[in-house]
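Residue numbers (full-length UniProt numbering): 1 to 356.
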Ligand SMILES: *Cc1c(COP(=O)(O)O)cnc(C)c1O
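So, in structure tokens, the structure goes:
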């Protein structure tokens with residue numbers, strides 16, 4: 001089985017399971033689980049923030065952040081296709097009475113600065129109070145440019161808004177920015193320094209089974225801690241999970257660049273095939289548009305050969321530590337066979353190579 005549906009499908013390695021088995025634990029509701037306490041400190045230091053809090057999921061982490069930043073009747077400005085708006089069940093609005101102000105995004109996930117400026121409401125009883133700008137990095141595998149991060153967050157701050165980053169895959173962004181052999185931690189802080197809070201998933205490319213960390217000021221994390229409790233996210237011997245994440249930070253962070261290389265290998269292998277439009281990104285996600293509505297047929301063809309991808313918004317292939325070059329080459333061969341078997345009615349010429 002070659003499972004490219006997501007980087008969340010990774011299984012804990014034997015070494016990770018051993019680290020979990022060895023973990024010293026306590027009761028985190030009493031604050032005395034040493035392993036989760038150490039992990040929270042480690043992640044806060046990595047992100048250059050005062051404090052961090054273990055969260056059962058990225059969704060709950062973003063939820064707690066939004067509720068910690070905003071009161072009832074406040075609003076957050078967010079991309080129309082951002083995870084916190086579109087893919088989290090509307091939790092901030094449903095449970096937090098926080099109004100989203102979604103804005104259009106370009107092909108790389110960026111909201112125009114003029115749109116952000118125009119969406120920030122004056123202090124007037126007609127309007128919800130604009131309180132927070134929420135960005136996402138990486139977005140669909142794209143790394144948000146440093147300059148954009150600086151300009152968008154400076155604009156928000158100049159109008160009195162705080163800034164939250166949904167950094168589910170921010171380590172992938174940091175690895176891409178650090179470049180081969182570069183300093184991932186300093187690249188990470190180069191991103192996080194623009195934000196008041198950052199949510200980081202450890203159950204994706206890092207390969208831990210469960211868990212995200214919300215990082216921010218001590219004050220914000222104290223508020224988020226109360227909301228986590230309310231949401232049922234207070235856990236007991238959570239050091240078992242924290243140990244897996246600690247292991248991943250030590251042993252898996254340094255291999256994320258391999259996922260990026262595999263995604264590039266896949267994109268290169270598929271690019272130019274008739275009827276396919278390959279949108280490669282800089283990290284570990286490759287999107288492919290299939291002409292003539294044959295996406296579902298291609299997915300079924302792949303699944304019959306034990307190759308899994310998703311088709312929610314175009315075909316999506318995600319690389320991770322449980323796939324290798326051989327699996328990627330098998331995937332390319334299987335797609336090629338499909339294209340030869342089922343030529344597109346009106347096969348377009350090869351898609352132009354993306355400029356990034
Ligand atoms: C996966 C993801 C989340 C949510 O993480 P879960 O752990 O699945 O709840 C949030 N934002 C982005 C961008 C994600 O990719």
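Where a beta carbon is used, it is the ideal one built from N, C-alpha and C, also for glycine.
This structure is a prediction, so every number in the text was calculated from the model and none was measured.
Closest to residue 246 by CA distance: which of 41, 31 and 4 is it?
-> Measuring from the Cα of residue 246, the nearest candidate turns out to be 41.
**Asked** Helix, strand or coil for residue 134 per DSSP?
**Response** Three-state DSSP puts residue 134 in a strand.
* Grab me the residues of residue 9's own chain with a C-beta within less than 6 Å of its C-beta, minus the 5 sequence neighbours each way, in chain order. => Excluding residues within five positions, the ones whose Cβ falls inside 6 Å are 3.
*In the DSSP assignment, find the unbroken beta strand (DSSP E) run with residue 77 in it and report its ends.*
First-last of the beta strand (DSSP E) with residue 77: 74-79.
Report the residue from 172, 195 and 197 whose alpha carbon sits nearest the alpha carbon of residue 185.
Looking at 172, 195 and 197, the one whose alpha-carbon comes closest to that of residue 185 is 172.
- Closer than 6 Å by C-beta to residue 301: which residues in its own chain qualify, once you throw out the five before and the five after it? Chain order, please. Scanning its chain for C-beta atoms nearer than 6 Å, with the 5 sequence neighbours on each side dropped, one finds around residue 301 the residues 338, in chain order.
ask   = Could you check where the beta strand (DSSP E) with residue 7 kicks off and where it finishes?
value = From DSSP, residue 7 is part of no beta strand (DSSP E); its letter is neither H nor E.
Enclosing alpha helix (DSSP H) for residue 265 [first to last residue]
256-270 is the span of the alpha helix (DSSP H), which, as asked, contains residue 265.
**Request:** Check whether the Cβ atoms of residue 77 and residue 130 sit closer than 8 Å, and answer yes or no.
**Result:** In this structure, residue 77 sits near residue 130, with a CB-CB distance shorter than 8 Å.
inquiry  = Using 8 Å as the threshold, is the C-beta distance between residue 85 and residue 102 below it?
reply    = For residue 85 and residue 102, yes; Cβs fall inside 8 Å.
Starting from the C-beta of residue 220, find all residues in its chain whose C-beta is less than 7 Å away, skip the five residues before and the five after it, and write them out in chain order.
Close CB contacts of residue 220 within its chain, under the 7 Å cut and outside five residues either way in sequence, are with 68, 196 and 197 (chain order).
Q.
With the cut-off set at 8 Å, would you say residue 207 and residue 35 are in Cβ contact?
A. Remark: C-beta atoms of residue 207 and residue 35 do not approach each other more closely than 8 Å.
Q) For the candidate residues 20, 261 and 233, whose alpha-carbon lies nearest to that of residue 54? A) Measuring from the Cα of residue 54, the nearest candidate turns out to be 233.
In terms of residues, what are the limits of the beta strand (DSSP E) holding residue 323? Bounds of any beta strand (DSSP E) do not take in residue 323, whose DSSP letter is neither H nor E.
Exercise. Going straight from the alpha carbon of residue 132 to that of residue 48, what length do you get?
Worked result: Near 20 Å, if we compare the C-alpha coordinates of residue 48 and residue 132.
Could you check the C-alpha separation between residue 226 and residue 97 for me, to the nearest Å? The alpha-carbon atoms of residue 226 and residue 97 are separated by roughly 17 Å.
Q: Please classify residue 100: is it buried, with 16 or more other beta-carbons within 10 angstroms of its beta-carbon, or exposed?
A: The residue in question, residue 100, is buried, as its Cβ has 16 or more Cβ neighbours within 10 Å.
Please tell me whether residue 275 and residue 263 are closer than 8 Å, where the distance is taken between their beta carbons. No, Cβ-Cβ distance for residue 275 and residue 263 is not below 8 Å.
Note to self: Let's test the definition: count the other Cβ atoms within 10 Å of the Cβ of residue 146 and tell me whether it reaches 16, buried, or not, exposed.
What the structure shows: It counts as exposed.
Residue interval of the beta strand (DSSP E) (run including residue 101): DSSP places residue 101 inside the beta strand (DSSP E), whose first and last residues are 99-103.
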